[in-house]
Every structure is written in structure tokens, then in C-alpha cells.
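Below is one structure, written out as C-alpha cells; comments come after it.
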Amino acid sequence: KHSPVTRAVERHLARMQRQAAALQFRACPPAFDGAILAIAGSAHETRSADGRSIGAASGLLAGQVPALLRERFVLPPGAASVPDATLKYLLVLRLALARADISLCATANVSTLLTLLRLHAEHHEALVEDLRVGGFHRAAELPAALRAELAPRLVAMPARAAMLARLGAQATLGALWPRLAAVAVWTGGSAGVGLARLRAALAPDCRILELGYLASECRATLTLGRRAGAGLPTLDGNFFEFAERDAWDAGERRLMTLDALRKGHEYYVVITTQGGLYRYFINDLVRVTGHLGRTPLLRFVQKGRGVTSLTG
């Protein structure tokens, strides 16, 4: 699906990213003490017929993170452009394993982190050897420009390699990155299927933060505090309408605005954005978990009829 991104949308996303970072800091200040492992898609994958850039929404969002935080990113922008998934995640691992100071990890899907754990177990010896002597054992498969970009980051680190060798192939995320204070992921709906496995791979005091209700079409909520259900609608940048789940499924097409929503009820979402989407039925279901003042707080439940998604 192609969702339009105007300058107004970019400004709105940048403002939302600043607010999201501030709220995450308020929820878990130690998460911002060290390096940040942010895993996203590529903001530029191809071009349209008229020359406009087309890419992943997650890459666009990552690019809107405040510069102060982007300077702490473990991954350079080029790492997201690797098309082969296994090669990309091995590269992510090679770069991340070099950093013992990672304090925050952010990625949409829990499955991404579980994949990193699996690949670490399968390629442990090769990755440790990469760290011991420098380089990346699959560097020849990367574009020349990316290899040049990565060269300063792929230096030999024998002491770190020795430590990882002692930890072994089955090391948990908490063991690999002992300063990891928070992981920001989707926890709602089926995206949280692997949440228990992720929790077991983290240190007991590492917090799991809900990223919020995010879609390619818009950023729909900001998570307030630590509770996963505390999603404040981004009502200053998008116009929301809703349809009661049972009524819509029964064929009724009556829409309501935020002020009419009731706690505990589930609704389909219809959005109008600054990018030009008008009364767009996104086929997402949300539940009202409470209110902040008179504004309902939303939590993503699942996709609507006809769609099953295991990881988002």
C-alpha cells in the first residue's frame, strides 16, 4: 500500500517522535543512558514514476527521531537497506554485539528480537570471530557503498569477543547487553504472541514499553507512562472517526467521534490525515481502556474481518 507523505505529515511525525521519546524517558530514564538499537525498514527502497521516494514507514519514523538520540544509534541508515532478511539481521547482530552499552532497543515486532536470538545461536562462532579479528564474515555480499560506510564500525574487539565466547551461543538478550533497561515494541493483538519468550530473554528489571498504535498510514497514539493500554490519540494531527464493532459487522455504517466512545468497548477506526487520506477505513480494531480528562485512551486489539497477522 502507498500512503502519501506530505511536508505537513513529516512535521507532524517529527513532533510525535519528540513527544514519544520524552514519554519513554519519563517512563524509564535509564533507557537513555547508553546506545540505542533501533531496527527499522529502509526509508528509501525505490522511486515512483515521477521520481518521488518510496520506502518503509518505520524507516521514515526512525529518521524523525531527534538528532540527539540518532547520534546514539548503533545502526547506520544504510544497514536498513539490505534486502536479504537473514543477511540484514546478521549485520544488525554484528554491529550490536560490538556494543556492550546498549540501554534501549526499539523495533515494531517482538519476532524481530526473537529472530536475532535464533541467529545468534546459529552463527555464534562466526560472529565472535568477526569481533575478534574485525570485519564481517558476509561483508562481500553487501553493496560497496555500505561496506565503506560500515568499515569504521567493524574493527577488532578481542576483549568483547572473549566475553561473548564465554557467554555462549544460548546467551539471552539480558546477558548480551547487561545495560539494556527497556525494549520498545508492539505488545497489542497478535503482535504480542512472542511476548512471554521475549520477557524470559530479558533481565528482570528491563521494562517492555508499548510503542503505541502505529500504522503505515499514520501514528495514531502516543503511549503515556508504562501501561500498554494508555494510548493517547494524536488528535492534533489526525481526525478520527469510529464505528462500534458489532454494529459495523452487522452492516450498520454509523460513525462517531472521540467524545462518544465508551470505556471497555471496541471500535473500528476511520482516519482522515494531513497526507490526504480521507475517511480511510483502516480495518483496525481498538479498545477504549480509560480516559485522560475527556479524551479516551486506545489500545490496538487486532485487524478486522478477513485479515490475520501474526507479527503486525
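Last residue of the sequence shown: 358 (this note's numbering), numbering continuous.
From the three backbone atoms N, C-alpha and C, an ideal C-beta is built for every residue, glycine too.
Buried or exposed by the 16-neighbour rule on C-beta atoms within 10 Å, applied to residue i
i: G339; result: exposed
i: K134; result: buried
i: P189; result: exposed
i: S157; result: buried
i: D176; result: buried
i: I82; result: buried
i: G97; result: exposed
i: E256; result: buried
i: I148; result: buried
i: S99; result: exposed
i: S262; result: exposed
i: G277; result: buried
i: S94; result: exposed
i: P204; result: exposed
i: G240; result: buried
i: Y324; result: exposed
i: H48; result: exposed
i: G271; result: exposed
i: L281; result: exposed
i: Q320; result: buried
i: V179; result: exposed
i: H337; result: exposed
i: G297; result: exposed
i: G322; result: exposed
i: A191; result: exposed
i: R72; result: exposed
i: R145; result: buried
i: G238; result: buried
i: T153; result: buried
i: T267; result: buried
Beta-bridge partners of residue i, as assigned by DSSP
i: P279; result: T267
i: M302; result: F288
i: A84; result: A152
i: R93; result: S99
i: E312; result: R333
i: L260; result: R265
i: T319; result: N284
Extent of the continuous alpha helix (DSSP H) to which residue i belongs
i: S104; result: 103–109
i: Y135; result: 131–143
i: L196; result: 190–196
i: A172; result: 170–179
Below-8 Å beta-carbon distance, residue i vs any chain D residue
i: G87; result: Looking for chain D here will not work: only one protein chain is present.
Start-to-end residues for the beta strand (DSSP E) that takes in residue i
i: P342; result: 341–349
i: A228; result: 228–231
i: R333; result: 326–338
i: R118; result: Per DSSP, R118 belongs to no beta strand (DSSP E) and is neither H nor E.
i: L69; result: Looking at the DSSP string, L69 is not in any beta strand (DSSP E); the run it does join, the alpha helix (DSSP H), is 53–73.
i: R253; result: 253–256
Contact test: residue i Cβ vs the ligand ATP heavy atom, cutoff 7 Å
i: H311; result: Ligands in the displayed structure: none, and consequently the ligand ATP is not present.
Q. Using 8 Å as the Cβ pair cut-off and three pairs as the minimum, do the segment 326–339 and the segment 63–81 touch?
A. With the cut-off at 8 Å, the segment 326–339 and the segment 63–81 do not touch.
**Q.** Touching by the beta-carbon criterion (3+ pairs, under 8 Å), the segment 282–289 and the segment 314–324
**A.** These segments touch.
Q) Whole beta strand (DSSP E) runs in the segment 206–248 with 3 or more residues, listed along the chain? A) If we require 3 residues or more, the beta strand (DSSP E) runs fully inside the segment 206–248 come out as 228–231.
**Q.** Touch test, the segment 73–88 against the segment 108–120, Cβ-Cβ under 8 Å, three pairs minimum
**A.** At 8 Å Cβ cutoff, the stretches touch.
Q: Check whether the segment 211–227 touches the segment 190–201, taking contact to mean three or more Cβ pairs, one atom from each stretch, closer than 8 Å.
A: With a cut-off of 8 Å, the segment 190–201 and the segment 211–227 do not count as touching, because too few Cβ pairs lie within range.
Q | Inter-stretch contact at 8 Å, needing at least 3 Cβ pairs: the segment 224–243 / the segment 342–353 | A | Put simply, the segment 224–243 touches the segment 342–353. At least three CB pairs are less than 8 Å apart.
Q) Counting pairs of beta carbons, one from the segment 208–217 and one from the segment 156–170, are three or more of them closer than 8 Å? A) As far as the Cβ criterion goes, the segment 208–217 touches the segment 156–170, which means the pair count is three or higher.
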